[in-house]
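Asks:
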Amino acid sequence: MQNIAVIGYGVVGSGTVELFEKNKEEICRKIGRDCGIKYICDLRDFPGDKYEDKLVKDFNVILNDPDIEVVAEVVGGATFAYDYTKKLLAAGKSVVTSNKELVATHGAELFAIAKEHECNYLFEASVGGGIPIIRPLNKCLAGNSIEQISGILNGTTNFILTKMIKDQMDFDSALKMAQELGYAEADPTADVEGHDACRKICILGSLAFGKHIYPQYVHCSGISRITLDDVEYAENAGYSIKLIGTVKPEGEGKISAIVCLRLVEKNSLLSQVDDVYNAITVRGDGVGDVLFYGKGAGKLPTASAVVGDIIDCLKHKDRRIMLDWEDCTDRGYVVPYKQIENSMYVRIKAENAEALKPAIGELFGKVMYLERNGRPDDELAFITPVMVEADIDSALEQLSESAEIASKIRLL
Ligand code: HSE
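Numbering (this note's numbering), first residue to last: 124 to 535.
So, in structure tokens, the structure goes:
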């Protein structure tokens, strides 16, 4: 039975077809019946491609074919993919996706359509590439009240940071390499500026806490402002610098979520996660800390999750898989990040920086000063105590009257 279609024949789409065809016999055994890819939909031509006979350009061919039970949407973006997904679900066809932008922006609406039409919308590949995280969170950890989810959620930026810090590669060369390896988004700004990680933490938080967290309410910053001076101060003090997404409950039914660079203690597991690898720690009130680790991007790792979802849909023919969350339009659900407590690494520049130490003590209380080889006289780096971020900012504003605030990075 040719009952599967793949929309989008890029990195993830071609990986999905390759992995499925490679393991087809075993996959069919696991599903318990004969299954196969009937269509691959893409507007581009692929002359000489091994699966050229399956290629179609018209999405309606898939939509109108009653044989098609499940469609892998690996187009990306929230325009065409949104339209296709709504139509497919409304037609009762299950959809699986790696499209974190679509799930993070329209997930609640798409789950409702899937529910109404008794089909499934699965998205294991949307977070952590090949790492199983969505199902464990939804099933195995369901008995816990989740206290925090925190992790390295973007392979491209972790790869760039590793190359810059460990191999002294410049930013542009590292990014180019990540693109060549198929890790980066079509527009790598989404990776570099933290938007991709933001979508992923929104998906994890929505699943864990049951209400849709919209990315526009989540503060997010990327890796573009990192300097090797900061890396050196951090290393000397026993920290790595990583782009981390965090979501946690804040009481009264609210949550906080943020994506930003953070100083991570070197003896923690997250600080050991390099290259394209992602890692997500989930803290549950019963289980304690659990770590999920693996390749967070790339053709076959992501395809692994997509094919897993295809199999799950086919195993659950005409049955719903409960994997969703409610919509939430309450802007107040996400606590503003300025109200959250953090300890902050700060680097300042001032003509006689040492002379500012008493003022720094008055503004922040007891800070920890950091050192680096050949620290210039006009520079100081320190770590503040844990303070509400708005208070850190107002202290920094006062300090900025006598110094330039060169960097500030939150601690994990
Ligand atoms: N661009 C994404 C990343 C792909 O680098 O993590 C996987 O979602």
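We put the CB at the ideal spot given by N, CA and C, even for glycine.
Can you tell me whether C263 is buried or exposed? The criterion is at least 16 other CB atoms within 10 Å of its CB, across all chains shown.
Replies: exposed
Asks: In the structure shown, what three-state DSSP assignment does F505 receive?
Replies: strand
Asks: Closer than 7 angstroms: is that where the CB of D432 sits relative to any heavy atom of the ligand HSE?
Replies: no
Asks: Considering just the uninterrupted stretch of the beta strand (DSSP E) at C242, what are its terminal residues?
Replies: Note, C242: premise wrong, no beta strand (DSSP E); not H, not E.
Asks: Using a 10 Å radius around the Cβ and a threshold of 16 neighbouring Cβ atoms, would you call L211 buried or exposed?
Replies: L211 counts as buried, since at least 16 other C-beta atoms from the protein chains shown sit within 10 angstroms of its C-beta.
Asks: Determine whether the beta carbon atoms of A473 and D501 lie at a separation below 8 angstroms.
Replies: yes
Asks: Is the closest heavy atom of the ligand HSE to the C-beta of E308 under 7 angstroms?
Replies: yes
Asks: Hey, could you find the ends of the beta strand (DSSP E) Y416 is sitting in?
Replies: 411–418
Asks: Mind checking which residues open and close the alpha helix (DSSP H) that includes V135?
Replies: 134–145
Asks: Which class does P338 belong to by DSSP, given the choice of helix, strand or coil?
Replies: helix
Asks: Please classify E196 as buried or exposed, where buried requires at least 16 neighbouring CB atoms within 10 angstroms.
Replies: buried
Asks: Measuring straight from C-alpha to C-alpha, what distance separates Q537 and V382?
Replies: Within the shown structure, residues of the chain are numbered from 124 to 535, placing residue 537 beyond reach of any answer.
Asks: In its own chain, which residues sit with a C-beta less than 6 angstroms from the C-beta of G159, not counting the 5 before and 5 after it?
Replies: Q125
Asks: Between which two residues does the beta strand (DSSP E) harbouring N126 extend?
Replies: 125–130
Asks: Out of curiosity, what's the CA-to-CA distance linking G345 and V179?
Replies: 38 angstroms
Asks: Could you name the residues that DSSP lists as bridge partners for P372?
Replies: I378
Asks: Would you say the beta carbon of G419 comes nearer than 7 angstroms to a heavy atom of the ligand HSE?
Replies: Correct: G419 has its Cβ closer than 7 angstroms to the ligand HSE.
Asks: Should N277 be counted as a contact of the ligand HSE given a C-beta to heavy atom distance under 7 angstroms?
Replies: yes
Asks: For R470, does the count of other Cβ atoms within 10 angstroms reach 16, so buried, or fall short, so exposed?
Replies: Buried.
Asks: Start and end of the beta strand (DSSP E) containing S525?
Replies: No beta strand (DSSP E) contains S525, which DSSP labels as neither H nor E.
Asks: Measuring only from the beta carbon, is T425 closer than 7 angstroms to any heavy atom that is part of the ligand HSE?
Replies: yes
Asks: Thinking just about the alpha-carbon of each residue, which of P170, Q521, R533 is nearest to the one in I506?
Replies: Ranking P170, Q521, R533 by Cα distance to I506 puts R533 first.
Asks: Tell me which residues share the same chain as E494 and place their Cβ nearer than 7 angstroms to its Cβ, disregarding the 5 neighbours each side in the sequence.
Replies: Sequence-distant Cβ neighbours of E494 in its own chain, meaning closer than 7 angstroms and more than five residues away, are N359.
Asks: Is it buried or exposed for K389, if we count other Cβ within 10 angstroms and need 16 for buried?
Replies: Here K389 is exposed. Its C-beta has fewer than 16 other C-beta atoms within 10 Å.
Asks: Which partner residues of Q271 appear in the DSSP bridge assignment?
Replies: Per DSSP, R406.
Asks: Tell me the rounded alpha-carbon separation between P170 and Y132.
Replies: Each residue's Cα considered, the two are about 13 angstroms apart.
Asks: Compute the minimum distance between the beta carbon of G159 and the heavy atoms of the ligand GDP, and state whether it is under 7 angstroms.
Replies: Although the ligand GDP was asked about, the structure shown includes only the ligand HSE as ligands.
Asks: Report the three-state DSSP secondary structure of G529 (helix, strand or coil).
Replies: Per the sequence presented here, residue 529 reads as Ala, with Gly not at that position. Strand, per DSSP.
Asks: Rounded to whole angstroms, what is the Cα-Cα separation between R348 and V354?
Replies: 12 angstroms
Asks: Measuring only the C-alpha atoms, how far is V509 from E449?
Replies: 34 angstroms
Asks: Shorter than 7 angstroms, the distance from the beta carbon of K422 to the closest heavy atom of the ligand HSE, or not?
Replies: Of the heavy atoms belonging to the ligand HSE, none sits nearer than 7 angstroms to the Cβ of K422.
Asks: Please report how far the alpha carbon of A526 lies from the alpha carbon of H335, in whole angstroms.
Replies: 41 angstroms
Asks: Does the distance from the CB of K422 to the CB of V134 come in under 8 angstroms?
Replies: Taking 8 angstroms as the cut-off, the Cβ atoms of K422 and V134 count as close.
Asks: Are the CB atoms of K323 and K209 within a distance shorter than 8 angstroms?
Replies: no
Asks: For the alpha helix (DSSP H) that contains S315, what are its first and last residues?
Replies: In the sequence under discussion, the amino acid at residue 315 is Val, which differs from the Ser named in the question. Counting along the chain, the alpha helix (DSSP H) containing V315 begins and ends at 312–315.
Asks: In angstroms, rounded to a whole number, what distance separates the CA positions of P119 and S379?
Replies: Coverage of the chain is limited to positions 124 through 535, which leaves residue 119 absent and any answer about it impossible.
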